[in-house]
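Here is the structure we will look at, set down as structure tokens.
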Amino acid sequence: MKLEWWKYLSIVILLYTLLFGMLVPLGPGIVEVSPSRATTGAQRSFDVWGYNTRFKDFDAINVVLKLDDEHCLPAADYSVESDYHLKATFDVPSMPEGMKKSEFATMIIYPAGSGTAILPSAVSLQDGEGGQVSTHWVPEDDFTFERITGLHFPYRNILMESIRNTYFHVALWFAMMFILGASMVYSIRYLRSGNLDWDLKASAYAQVGIVIGVMGIATGMIWAANTWGKAWSWDIKQTMAAVALLIYLAYFVLRTSVEDQEKRARTSAAYNIFAFATLIPLLYVVPRLVDSLHPGSGGNPAMGGEDLDNTMRLVFYPAIIGWTLLGAWVSQLVFRFLKVQHYARSKNLTEQY
Amino acid sequence: MLNRQGGDAGFVPIAYLCVVKELGLIWSLIRKDWMIEWRLKYALSGLMLYLITLVFVVVISFQEISSPVWNVLFWILFLFVGMNAVLKSYQQESGYRKYYLQQLIDPLTLLISKTIYNVVLLFICALLIYGMLSIFITSPVRDVWLFLGTIAAVSVSFGICLTFISIIANQAAESATLAVIIGFPVLLPVLITGVRMSAFTIGMSMGGEISGDFTILLAIDLLLMGLSLWLFPFLWKD
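So the sequence lines, in the order shown, correspond to chains F and C.
According to our numbering, the first sequence is numbered sequentially starting from 56.
According to our numbering, the second sequence is numbered sequentially starting from 244.
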């Protein structure tokens, strides 16, 4: 048997994905700031709880409240209670001119561990009575926040450690699209040539594509149970994913319900192409119309932007390739099985089983 | 008569004649379908009876229907009636008649004529459902013309989709069951878009603009029609 290097490659990549994706720690982050609302014009102190932070390691920590690039406020004083707990006191001046009476401020702490910890919308500030506070809002340029150093995945509230599911749930779903795409290509080749091997390949790839899709949905459901609180909440993408699987299950029903071999091959090839084409509106158009609970929603799927930083790309892209190659490998095995089965049936060898 | 002076000048009338001939063929196929349907009566009257019964059952069992429920109900009725109306498209083209048609006409001509016939049939069904619902319950539709536009657009998508599905299902022995199994998931994106669009016309805001939904339907139509035109010849030949 000739050496098929890409099969080994898929194993290597998936091992890398598993190790790297599971072992690399998350960057420092802020879990909670309490109280989460305050009025301006007085001294206010906040309890800050961090995640993966090492407050005790640093002599001087910048704790800053940020309204926008031009309006930031350093803490007047802070005390470190533990590695994960810090008390900060701010002399909050009244809201700058030209801003709304109440606004969310971002909490920035640097250094917090291996970098900066940020919590957007940490504190809701409201214009208060306007007591005597001597501080002023200063531009962000006055501080030097360095980017997070070292290797780790970004900390996101709610997602937290479950951000690692990107390499499984999302990557599996991508791999499914590639495998189903390959299945469609084989269907086209069948229609062009009339060679039944292509039809069996299309069927094998579709079967594996569906298994990968089910794995993708299952990993997504486990993730959803932990972040959304419910495994299945009829989110538009969940619904559409289920419908996509239904379409392909119908493909297998179709395959079993046509007796004549040539006819079955032709019909199912045509349906396979049709089914893949309907996946595009199903998975990429309709979910954009409706609000989704998915990360990065409000119209856009979570690809790019802040949801996928460079460290995550290091794992995410290989993961897609790895799952796709593994899928192709298994598809080849299924294809060989189908071919043997086909041969056995044509020679009437199966009757003894 | 034909222009004999230039070489290329004759091309225009010939292409024109081809188009006219093709249109004539399509028209006569549509007429043939209609005549068969009209003379046999049972298919058409069965469809009407099905439609009327369905609307009756819905109205009687719901009693009071709020606008969102009306919206969804309309589309569910349309889905069932539409599937019933269209999925039998190729059942009459079996046996000798199929061989006759295979010899006589191009498969694409047949597909186009069937699609147009089904689209018109679906639109009439939608109008009837809308009319009957409006008789029994006060209709929540505010913008009637927009609603008619919506059902016309959805009828086109349904017609293209179901015409193609029915030829696939027709290949199998258990074609009626198979057609429903295959048809429903494929129609779902169109149906969801339809629900969104008619929600606009009854004054429920779903966010976004209705023109965006029309564009999506148009894109789906073009995609599915292109695929049907490409794949149909493979399915039509035996």
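Where a beta carbon is used, it is the ideal one built from N, C-alpha and C, also for glycine.
Counting every other CB atom within 10 Å of its CB across the protein chains shown gives C:F379 a total below 16, marking it as exposed. At a Cβ-Cβ threshold of 9 Å, F:L227 and F:M270 count as neighbours. In the displayed model, F:W289 falls within coil according to three-state DSSP, outside both helix and strand. According to the DSSP assignment, F:A143 belongs to the beta strand (DSSP E) that extends over H140 to V147. When C-beta distances to chain C are compared with 7 Å, the residues of the stretch 320-337 of chain F below that value are R321, T322, A325, Y326, I328, F329, A332, T333, P336 and L337, in chain order. Sequence-distant partners of C:G446 (beyond 5 residues in either direction) whose C-beta falls short of 7 Å from its own C-beta, in its chain, are R385. The beta-carbon distance between F:I267 and F:A230, rounded to whole angstroms, is 6 Å. This is short enough to meet the 8 Å contact definition.
Distance from C:F321 to C:A369 at the Cβ level is roughly 5 Å; contact confirmed, criterion being Cβ atoms closer than 8 Å. F:E195 sits in a helix when the DSSP states are folded into three classes. Counting other Cβ atoms within 10 Å of its Cβ, F:K285 stays below 16 and is therefore classed as exposed. The beta-bridge partner set that DSSP reports for C:W281 is empty. Close CB contacts of C:I425 within its chain, under the 8 Å cut and outside five residues either way in sequence, are with I408, I411 and A412 (chain order). In the three-state reduction of the DSSP assignment, F:W104 falls in the strand class. Nearest CB-CB separation between C:Q414 and chain F: below the 9 Å threshold. In this chain, the beta strand (DSSP E) harbouring F:E158 covers S157 to Y165. DSSP places F:I173 inside the beta strand (DSSP E), whose first and last residues are A172 to Q181. Put simply, the CB of C:V312 is far from chain F, with every gap to its CB atoms at 9 Å or more. Not one beta carbon of chain C lies nearer than 9 Å to the beta carbon of F:A261. Considered as a whole, the stretch 308-396 of chain C harbours no complete run of any beta strand (DSSP E) with no fewer than 3 residues. Counting other Cβ atoms within 10 Å of its Cβ, F:W289 stays below 16 and is therefore classed as exposed.
Per DSSP, the continuous alpha helix (DSSP H) segment holding F:G382 begins and ends at N365 to S401.
In this structure, the straight-line span from the alpha carbon of F:K111 to that of F:P209 is close to 21 Å.
Listed along the chain, the chain C residues whose CB falls inside 7 Å of the CB of F:I302 are P428 and V429.
C:Q345 and C:P311 have their C-alpha atoms spaced approximately 47 Å apart.
Each residue's CA atom was taken as its position, placing C:I303 and F:S179 some 53 Å apart. Put simply, the CB of C:P350 is far from chain F, with every gap to its CB atoms at 9 Å or more. Beta-bridge analysis with DSSP links F:Q98 to F:D146.
Neighbours of C:L478 in chain F, taken as residues whose beta carbon is under 8 Å from its own, are R321, T322 and A325 in chain order. Around F:K318, the beta-carbon contacts reaching into chain C at under 7 Å are Q414. Within chain F, no C-beta atom comes less than 9 Å from the C-beta of C:L465; the nearest is roughly 11 Å away.
Straight through space, the alpha carbons of F:F233 and F:A299 are spaced by roughly 14 Å.
Shown here, F:F208 sits in a strand according to DSSP, grouped into three states. If you draw a straight line from the Cα of C:S309 to the Cα of C:L391, it is about 20 Å long. Within chain C, the residues placing a beta-carbon under 7 Å from that of F:A305 are I424, I425 and P428, ordered along the chain. Within the same chain, and ignoring the five residues on either side of F:R211 in sequence, the residues whose Cβ sits closer than 7 Å to its Cβ are I218. The beta carbon of F:V341 sits closer than 8 Å to those of I291 and M295, all from its chain and outside the five residues before and after it, given in chain order.
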